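One structure below.
There are 2 protein chains.
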Amino acid sequence: MLLSRYFLPTLKETPAEAQIVSHRLMLRAGMIRQSSAGIYSWLPLGLRVLRKIERIVREEQDAFGCVEMLMPTLQPAEIWQESGRYDAYGPEMLRIIDRHERGLLYGPTNEEMITEIFRSTVRSYRHLPKLLYHIQWKFRDEIRPRFGVMRGREFLMKDAYSFDLDRAGAIRSYNKMFVCYLRTFERLGLKAIPMRADTGPIGGDLSHEFVILADTGESEIAYHRDFLHMSLAGQPVDLEGDLQPLVDAFTGKYAATDEQRDPAVEAALGEALVTGRGIEVGHIFSFGTKYSRPMNAVVVGPGGDSVCVEMGSYGIGVSRLVGAIIEASHDEAGIIWPESVAPFVVGILSLKPDDAACAAIGQRMYEQLVAQGIDVVYDDRDERAGVKFSEMDLIGVPHQLIIGPRGAKSGQVELKDRRTGERQELAVEAALARLLK
Amino acid sequence: MLLSRYFLPTLKETPAEAQIVSHRLMLRAGMIRQSSAGIYSWLPLGLRVLRKIERIVREEQDAFGCVEMLMPTLQPAEIWQESGRYDAYGPEMLRIIDRHERGLLYGPTNEEMITEIFRSTVRSYRHLPKLLYHIQWKFRDEIRPRFGVMRGREFLMKDAYSFDLDRAGAIRSYNKMFVCYLRTFERLGLKAIPMRADTGPIGGDLSHEFVILADTGESEIAYHRDFLHMSLAGQPVDLEGDLQPLVDAFTGKYAATDEQRDPAVEAALGEALVTGRGIEVGHIFSFGTKYSRPMNAVVVGPGGDSVCVEMGSYGIGVSRLVGAIIEASHDEAGIIWPESVAPFVVGILSLKPDDAACAAIGQRMYEQLVAQGIDVVYDDRDERAGVKFSEMDLIGVPHQLIIGPRGAKSGQVELKDRRTGERQELAVEAALARLLK
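From first to last, the protein sequence lines are chains A and B.
If you want our numbering, it's the 1-based position in the first sequence plus 197.
If you want our numbering, it's the 1-based position in the second sequence plus 197.
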């Protein structure tokens, strides 16, 4: 992308309304723009990050056998009346009356709708298990929206739903999504700790939150320090095998959000206890027949009898993750994107675009990187070098190629690492080789 | 995709509520399911097609220098009051009151919102021209939703917006989108004819509809028969050059929707006149300062003066296209997808999945095609051959590999072309080579 043709309205001043660092940086980096309280437009830079996160979430859902579909944003009130949640949900549900005076609502979650689809299409246990998901905009009419996309009203969520014949099957589906979430967050460059959680308005008796570590996080957390070194990295996961041992390994150690902390257990942990702050980015639930029973989602079982299906639901806050990643990874100068979600992986800064040698090198590097399928942004604008440096750091491009007139004469450029700030002078070809490795 | 693990709830009976062929076939093929009047869930098969269309639309927008962003579904009432369209839009606008009694609406189009974003971020003519687009769900509260996704209430639209300093620039942007649309529809396998159009509630004095030919189309059209042979195919388009001659070539000949037909011109055309039926799938508008003036979207011009920007908007009905393509391409047995948007390009039918030779060949072909990045569905279910044949035709898979126990013994399979019905017996390797070419 040539920056001269892009739409990147960065801000010099920090907007007064932004209370947390991710909100400030997203506004300053020209990633989002508020249109109403808690409702945002995703400007081109922000959308690139959102789509990269979405893609990783999708790939991991697919890899674990979840099938993608797409439910609409607006739902009929009737199915929520059937499940009993229409009145229970309270004023966070955005209720809408259409021109024919029929009740609609902007879906805050989709248990009812997927149950309705399931019950009218699946008749036999032979078609179980089923794991379905969608990635769709949701709405919760928060009384006090704040923290930018971290607690917005219109937000993008991935929600998956499982349907099984019995409790054992439901646990297998739950374990699949548990491991899928660990892998998803690792690919996003995040350290996520699963914590036993309240089930709240979703219901059921088995639930985990996935909380990522961030000094600026919304809630206090406490966990066994072993979590700091636990990871799936390199471990192949056998999806047809038993995932229980893996789940046990990640749930066998103490980890609790503020409201669930246990002073006795923590005292016993002693030195092994770490406290810090975190942000919830995923939540999974197994809730048995809470929706299938009132909504009559039954299949014919192996014995010819009618069986109420066991269900679970599994959510990841896709738009919230954009803010959460920034909370976990930034410095004074701006955002530091993990490479997997960076809007651009490489940035080229031409310090003197009207210098012939600079222009030639910039253009050549740009074309070669684009040809290799690398997301690259080329700052070819007629701007001061200081502006270019600070904007490239603000928007958090991991690898930055700096082309100055002196180096350009001898075919040298600087390669800067956004995270460490390290700069290295390299010949053009060597710099390219480094980036294409 | 293994069909045994997919979610493809096809219907044997034709649903009574469906009046047109695309609606009937989308329901029967398990592509969509209605949740409220004019509001649909996209089941996995339908979503695959929707995403493929979306990708082609996106690639062509990008290729023509349009920059993607994403505006929210809900908009504040205020900006529509500013432009004067809030009251004018009528009951098709879904108006919403939130918990704080603030007025929102589910966006039916985005001229106001993009103008608001532009005026608060772009200050100088040096940042023009700008071409921005998004692909987002919209809502129009049709009084009588019908024809499935062809006239639904919640629908997916690509809408682009151009900002230029003067009329000449606005025409250049208009021409870019005009040619972009021709290319987009060709890639979708459609014959689209641009027709001079009314501007309606969007406004302005320059507008074209893109109408595709379909015997079952919603409206009567008449056009010069030369259109049947006009195409961009193979012509490289120089985006930096003058596109006016190309636009002139496609607008110089008579083409009119029912309400715009001119009996005198048609009489003069004689034999060159073709009449038929069509479906509108795109609409472009150049409307000058209709929104920038009331909303004060101005930039500093080259002379230091304040200039009201010239705007245009450009829409493609992405979800509507799914139905439109089916209207244009189907037969008695079901859908016939153009390869570019087929949910699966290759289908493997194992007529006897429990036969060892059939199973081995099916598995091998499946793995090889998947490894080559081809979208393939493998019907590995324990179903009657007749069911497999008719479902594969119903869902419209272009290339079908049929594995029977007799052929399997000698390493032979049948390759069937969905469009022509032609079947050819081939050795496994020869069939694969044909599909991988």
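Virtual Cβ for every residue (Gly too), placed ideally from N, Cα, C.
If you're wondering where the values come from, they're calculated on a predicted model, not measured in any experiment.
7 Å Cβ cutoff, residue i in contact with chain A
i, result
"R221 of chain B", "no"
"T270 of chain B", "yes"
"T318 of chain B", "yes"
"P540 of chain B", "no"
"S416 of chain B", "no"
"P206 of chain B", "yes"
"P550 of chain B", "no"
Environment of residue i [buried if 16+ CB atoms lie within 10 Å]
i, result
"I409 of chain B", "buried"
"K634 of chain A", "exposed"
"N493 of chain B", "exposed"
"T381 of chain B", "buried"
"E309 of chain A", "buried"
"R422 of chain A", "exposed"
"L639 of chain A", "Any property of residue 639 of chain A remains undetermined from this structure, which presents chain A solely from 198 to 634."
"L325 of chain B", "buried"
"H297 of chain B", "exposed"
"A568 of chain A", "exposed"
"T211 of chain B", "exposed"
"K249 of chain A", "buried"
"G544 of chain A", "buried"
"V515 of chain B", "buried"
"D579 of chain B", "exposed"
"H596 of chain B", "buried"
"K209 of chain B", "exposed"
Where residue i meets chain A, residues with beta-carbon distance less than 7 Å
i, result
"E265 of chain B", "P241, L244"
"K373 of chain B", "Those do not exist, as K373 of chain B stays about 13 Å from chain A at its closest Cβ, beyond 7 Å."
"K585 of chain B", "Within 7 Å Cβ-Cβ: nothing; K585 of chain B doesn't reach chain A, min ~16 Å."
Cβ of residue i within 7 Å of any chain B Cβ
i, result
"F352 of chain A", "no"
"F315 of chain A", "no"
"P305 of chain A", "no"
"P273 of chain A", "yes"
Per-residue contacts from residue i into chain B (C-beta, under 8 Å)
i, result
"G262 of chain A", "R202"
Cβ-Cβ distance between residue i and residue j below 7 Å
i, j, result
"S526 of chain B", "Y371 of chain B", "no"
"V519 of chain A", "L222 of chain A", "no"
"G475 of chain A", "S416 of chain A", "yes"
"G304 of chain A", "K335 of chain A", "yes"
"L591 of chain B", "G531 of chain B", "yes"
"M392 of chain A", "E406 of chain A", "yes"
"S404 of chain A", "T413 of chain A", "no"
"T454 of chain B", "I481 of chain B", "no"
"H331 of chain B", "L267 of chain B", "yes"
"A624 of chain B", "L612 of chain B", "no"
"I513 of chain A", "V254 of chain A", "yes"
"I600 of chain A", "I293 of chain B", "no"
"F424 of chain A", "I368 of chain A", "no"
"A452 of chain B", "Y420 of chain B", "yes"
"E313 of chain A", "I276 of chain A", "yes"
"Y511 of chain B", "M374 of chain B", "yes"
Contact list for residue i against chain B, beta-carbon separation under 9 Å
i, result
"L440 of chain A", "Within 9 Å Cβ-Cβ: nothing; L440 of chain A doesn't reach chain B, min ~17 Å."
"D338 of chain A", "D295, R296, H297"
Contact list for residue i against chain A, beta-carbon separation under 8 Å
i, result
"W334 of chain B", "P269, T270, W334"
"Y237 of chain B", "P269"
"R230 of chain B", "I314, S317, T318"
Within chain B, the residues that residue i reaches when beta carbons sit closer than 7 Å
i, result
"P288 of chain A", "R296"
"L329 of chain A", "F204"
Chain-ordered neighbours of residue i on chain A, where CB pairs are closer than 9 Å
i, result
"L301 of chain B", "S233, I236, L291"
"M310 of chain B", "S232, S238"
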